[in-house]
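Under full-length UniProt numbering, the residues of the sequence shown are numbered 2 to 429, in order.
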Amino acid sequence: ADEAAPAIAVAKDRSRVLGGTYRTFYSEPLTVASARGCTITDANGEDYLDAYNNVPVLGHSSPAVRSAVSAELGRANSHTRYLDARVIDYARRLIDRFPAHFESVVFACSGSEANDLALRLAAHATGRDGVIVTRHAYHGTTSAVAAISPSLVGTEVGEHVEPIDLPAWDAADFDDLLAEAIAGAARRLEVRGHPLGAFILDSTVTSDGILEPRSLAATAGAVRSHGGLWIADEVQSGFGRTGADWGFQRLDLIPDLVTLGKPMGNGLPISAVLGPREIFDDFGAEQRYFNTFAGTAVPVAAAEVVLTALESGDLVARAQEGGRLLENLLIDAIESSATPALVRRNGLMVGIDFETGGITTESAVERAKEMVERLYAERILVSTTGRAGTVLKIRPPLVITDDELRELASGFARVLARGEAEAAHAGE
Ligand code: PMP
Numbered sequence: 002a003d004e005a006a007p008a009i010a011v012a013k014d015r016s017r018v019l020g021g022t023y024r025t026f027y028s029e030p031l032t033v034a035s036a037r038g039c040t041i042t043d044a045n046g047e048d049y050l051d052a053y054n055n056v057p058v059l060g061h062s063s064p065a066v067r068s069a070v071s072a073e074l075g076r077a078n079s080h081t082r083y084l085d086a087r088v089i090d091y092a093r094r095l096i097d098r099f100p101a102h103f104e105s106v107v108f109a110c111s112g113s114e115a116n117d118l119a120l121r122l123a124a125h126a127t128g129r130d131g132v133i134v135t136r137h138a139y140h141g142t143t144s145a146v147a148a149i150s151p152s153l154v155g156t157e158v159g160e161h162v163e164p165i166d167l168p169a170w171d172a173a174d175f176d177d178l179l180a181e182a183i184a185g186a187a188r189r190l191e192v193r194g195h196p197l198g199a200f201i202l203d204s205t206v207t208s209d210g211i212l213e214p215r216s217l218a219a220t221a222g223a224v225r226s227h228g229g230l231w232i233a234d235e236v237q238s239g240f241g242r243t244g245a246d247w248g249f250q251r252l253d254l255i256p257d258l259v260t261l262g263k264p265m266g267n268g269l270p271i272s273a274v275l276g277p278r279e280i281f282d283d284f285g286a287e288q289r290y291f292n293t294f295a296g297t298a299v300p301v302a303a304a305e306v307v308l309t310a311l312e313s314g315d316l317v318a319r320a321q322e323g324g325r326l327l328e329n330l331l332i333d334a335i336e337s338s339a340t341p342a343l344v345r346r347n348g349l350m351v352g353i354d355f356e357t358g359g360i361t362t363e364s365a366v367e368r369a370k371e372m373v374e375r376l377y378a379e380r381i382l383v384s385t386t387g388r389a390g391t392v393l394k395i396r397p398p399l400v401i402t403d404d405e406l407r408e409l410a411s412g413f414a415r416v417l418a419r420g421e422a423e424a425a426h427a428g429e
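And the structure:
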């Protein structure tokens, strides 16, 4: 290995041993040496502020998670063919955080698997396999969920799938327009012989560009009147991210099925589907769902620590208060710059959309990409999202401090100012 540049040596090794399906971030990828709280330290000993990762909600290397997991590794870690009081107790506590009709939970290992199962449950419960998704949705990576994920490069959505465009973010009648889009898509599915069984929505609509909280009650009505179930994909929006326990609570609706993942085990692979007992029992009477590593005691031990933080209100409070502080600081930075940008926020999920003020989509994409690279050079980690990638996606662990949020916002302000200075210079 090259002593002077360990990160370069790792990158070279990586391209030899890892398959070409991976994509790393940044022109020069980050090589992680260690991580703690909201800080990732790279192979050269540089510290980065992690404002991107929503899996370690309690922070990287959380001491509480670490001790719960290592204790559990020394006790027992078997599968769901046996009973384990700890797993049952966790399931009960999780269900208690949901409205009354969520009576049962089934565990899986990833968001993709949870959505895959939710689709099967919905099709079984309704006898209908049509699915409506948003135009740039991402719901995961198995064949079945790739077929409902139009944002996956190179993936054709299935014939049973209708992607719909979202109304303009600021449309006053957003909910009514979306309800109309649902009705139209449901009719098209019906004509193709795939009547509507489910509308699946990421409750923060992350990959389409981040939706602010608002009522989608009319949309929910349209889904149900056309025979579909509402699957709330809470893989991104669950566990306090939006300033409520679950993102759907910020949309004024109660879903039929909910899927959870990412932050659920603070990095250990655990995900879940929740819904009414009847849906699971009817499915279980005809089909089995056994998933070897799902709902085993070690990831559940990690998940207990996250759930305890949710129950305490700490995660929700941080998403609300930290989110408000960050939004104010970002708006100040934008207003004191000459760069137009719109901030859309749902708790501590923040999008900064550069597609505004009359610039072309292409320029907005360029600006967003450039901001990500420049923030990286300032040792701040964020990424992009949205229809074309015009939106900066900021989604830090929920233990981020006010000081770290200030550091993030001042880095953003510096990078914005530098971009403007260079653009002015180039125009001279
Ligand atoms: N749903 C949403 C909304 C997601 O953002 C993701 C992951 N980015 C998934 C599902 C898939 O989760 P996983 O990668 O754990 O399979």
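Glycine included, each C-beta is placed from N, C-alpha and C at the ideal position.
Report task. May I ask you to report which of helix, strand or coil DSSP gives residue 362? Result -> Against the sequence shown, residue 362 aligns to sequence position 361. If DSSP states are grouped into helix, strand and coil, residue 362 belongs with the helices.
Query raised in the report: To the nearest whole angstrom, what separates the beta carbons of residue 162 and residue 134, a pair I think is in contact under 8 angstroms?
Result: Locating residue 162 in the sequence shown gives position 161, counting from the first residue. Locating residue 134 in the sequence shown gives position 133, counting from the first residue. Sure, about 6 angstroms apart at Cβ, within 8 angstroms.
**Report entry** Assigned exposure category for residue 272 - 16 Cβ within 10 Å defines buried
**Finding:** Residue mapping note: residue 272 aligns to position 271 of the sequence shown, counting from 1. Label assigned to residue 272: buried.
Query - Cα-Cα separation, residue 423 to residue 375 - result: Here residue 423 refers to the residue found at position 422 when the sequence shown is read from its first residue. Here residue 375 refers to the residue found at position 374 when the sequence shown is read from its first residue. Approximately 12 angstroms between the Cα atoms of the pair.
Query raised in the report: Do residue 236 and the ligand NAD come close, with the Cβ less than 6 angstroms from some heavy atom?
Result: No copy of the ligand NAD occurs in the structure displayed; its ligands are the ligand PMP alone.
Requested in this report: Report, in whole angstroms, the separation of the C-beta atoms of residue 275 and residue 259, which I expect to be a contact under 8 angstroms.
Outcome: By one-based count along the sequence shown, residue 275 stands at place 274. By one-based count along the sequence shown, residue 259 stands at place 258. Indeed they touch by this definition, with Cβ atoms about 5 angstroms apart.
Query raised in the report: Among 385, 346, 416, 407, which has the Cα closest to the Cα of residue 53?
Result: One-based indexing of the sequence shown puts residue 53 at position 52. Nearest of 385, 346, 416, 407 to residue 53, Cα basis: 385.
Query raised in the report: Nearest-angstrom Cα distance between residue 14 and residue 172?
Result: Here residue 14 refers to the residue found at position 13 when the sequence shown is read from its first residue. Here residue 172 refers to the residue found at position 171 when the sequence shown is read from its first residue. Those two C-alpha atoms are separated by around 49 angstroms.
**Report entry** Those runs of the beta strand (DSSP E) which lie wholly inside the region 31-87 and span at least 3 residues
**Finding:** 33-37, 40-43, 48-51
Requested in this report: Label residue 299 either buried or exposed according to how many other C-beta atoms from any shown protein chain fall within 10 Å of its C-beta, with 16 as the threshold for buried.
Outcome: To locate residue 299, count along the sequence shown from 1; it is residue 298. Buried.
Query raised in the report: Which partner residues of residue 264 appear in the DSSP bridge assignment?
Result: Along the sequence shown, one-based indexing puts residue 264 at 263. Bridge partners of residue 264: none, in fact.
Query raised in the report: When the Cβ atoms of the region 323-332 are set against those of the region 401-416, are three or more pairs found closer than 8 angstroms?
Result: yes
Query raised in the report: Taking 6 angstroms as the cut-off, is the CB of residue 113 close to at least one heavy atom of the ligand PMP?
Result: For this step, residue 113 is matched to residue 112 along the sequence shown. Yes; taking the cut-off as 6 angstroms, the Cβ of residue 113 has a heavy atom of the ligand PMP nearer than that.
Query raised in the report: What three-state label does DSSP hand residue 164 in the structure shown?
Result: Within the sequence shown, numbered from 1, the residue matching residue 164 stands at position 163. Three-state DSSP puts residue 164 in a strand.
Query - Length at least 4, wholly inside the region 88-157: the alpha helix (DSSP H) runs in chain order - result: 112-127, 144-147
Query raised in the report: When the Cα atoms are used, what is the spatial distance from residue 55 to residue 20?
Result: One-based indexing of the sequence shown puts residue 55 at position 54. One-based indexing of the sequence shown puts residue 20 at position 19. Cα-Cα distance, rounded: 25 angstroms.
Requested in this report: Can you have a look at residue 282 and say buried or exposed, based on whether 16 or more other CB atoms are within 10 angstroms of its CB?
Outcome: Taking the first residue of the sequence shown as position 1, residue 282 is located at position 281. Exposed is the call here.
Query raised in the report: Of all Cβ atoms in chain D, is any one closer than 7 angstroms to the Cβ of residue 243?
Result: No chain D is present in this structure, which holds just one protein chain.
Query raised in the report: From residue 331 to residue 214, what does the alpha carbon distance come to, in whole angstroms?
Result: As a working note, residue 331 is residue 330 in the sequence shown. As a working note, residue 214 is residue 213 in the sequence shown. Cα to Cα, the separation comes out at about 19 angstroms.
**Report entry** Boundaries (first-last residue) of the alpha helix (DSSP H) holding residue 220
**Finding:** Start at 1 with the first residue of the sequence shown, and residue 220 comes out as number 219. Where residue 220 is concerned, the enclosing alpha helix (DSSP H) stretches over 218-226.
Requested in this report: Would you kindly check if the distance between the Cβ of residue 354 and the Cβ of residue 383 is under 7 angstroms?
Outcome: Residue numbering aside, residue 383 sits at position 382 when the sequence shown is read from its first letter. Residue numbering aside, residue 354 sits at position 353 when the sequence shown is read from its first letter. No.
Query raised in the report: What is the DSSP secondary structure of residue 349, counted as helix, strand or coil?
Result: Here the question's residue 349 lines up with position 348 in the sequence shown. It is coil, neither helix nor strand.
Query raised in the report: Just the Cα atoms here: how many angstroms apart are residue 504 and residue 338?
Result: Residue 504 lies beyond the residue range present for the chain, which begins at 2 and ends at 429; the question has no answer from this structure.
Report task. Tell whether a beta-carbon distance below 7 angstroms holds between residue 64 and residue 129. Result -> Within the sequence shown, numbered from 1, the residue matching residue 64 stands at position 63. Within the sequence shown, numbered from 1, the residue matching residue 129 stands at position 128. No; because the gap between Cβ atoms is not below 7 angstroms, this pair is not in contact.
Report task. Return the chain-ordered list of same chain residues with a C-beta closer than 7 angstroms to the C-beta of residue 414, the five sequence neighbours on each side being excluded. Result -> Here residue 414 refers to the residue found at position 413 when the sequence shown is read from its first residue. Excluding residues within five positions, the ones whose Cβ falls inside 7 angstroms are 334.
Requested in this report: For residue 390, verify whether its CB is less than 6 angstroms away from any heavy atom of the ligand PMP.
Outcome: Your numbering for residue 390 matches position 389 in the sequence shown. Not so, every heavy atom of the ligand PMP lies at least 6 angstroms from the Cβ.
Query raised in the report: So, are the CB atoms of residue 59 and residue 400 less than 7 angstroms apart?
Result: Here residue 59 refers to the residue found at position 58 when the sequence shown is read from its first residue. Here residue 400 refers to the residue found at position 399 when the sequence shown is read from its first residue. Cβ atoms of residue 59 and residue 400: closer than 7 angstroms.
Query raised in the report: Near residue 166, what residues of its chain come up, given a Cβ to Cβ distance below 6 angstroms and the 5 sequence neighbours on each side ignored?
Result: Here residue 166 is taken as the residue at index 165 of the sequence shown, counted from 1. 136, listed in sequence order.
Report task. Work out the CA separation of residue 9 and residue 266 for me, nearest whole Å. Result -> Against the sequence shown, residue 266 aligns to sequence position 265. Against the sequence shown, residue 9 aligns to sequence position 8. Those two C-alpha atoms are separated by around 31 angstroms.
**Report entry** Heavy atom of the ligand PMP within 6 angstroms of residue 276 beta-carbon
**Finding:** Within the sequence shown, numbered from 1, the residue matching residue 276 stands at position 275. The answer is no for residue 276.
**Report entry** Cβ contact check for the region 87-100 and the region 148-162: 3 or more pairs under 8 angstroms
**Finding:** no
**Report entry** Delimiting residues of the beta strand (DSSP E) encompassing residue 395
**Finding:** Along the sequence shown, read from residue 1 onward, the residue named residue 395 stands at position 394. Residues 392-395.
Report task. Leaving aside the five residues before and after residue 228 along the sequence, list all residues of the same chain whose C-beta is less than 7 angstroms from its C-beta, in chain order. Result -> Residue 228 sits at position 227 when you count from the first residue of the sequence shown. Excluding sequence neighbours, residue 228 sits near 127, 129, 196, 197.
Query raised in the report: Between the beta-carbon of residue 262 and the beta-carbon of residue 311, is there less than 7 angstroms?
Result: Within the sequence shown, the letter at position 261 stands for residue 262. Within the sequence shown, the letter at position 310 stands for residue 311. No, the Cβ-Cβ distance between residue 262 and residue 311 is not below 7 angstroms.
Query raised in the report: Heavy atom of the ligand PMP less than 6 angstroms from the Cβ of residue 137, yes or no?
Result: Along the sequence shown, one-based indexing puts residue 137 at 136. Flag unset: Cβ of residue 137 not near the ligand PMP.
Query raised in the report: When the distance is taken between beta carbons, is residue 257 closer than 7 angstroms to residue 140?
Result: In the sequence shown, residue 140 corresponds to position 139, counting from 1. In the sequence shown, residue 257 corresponds to position 256, counting from 1. No, they are not a contact pair.
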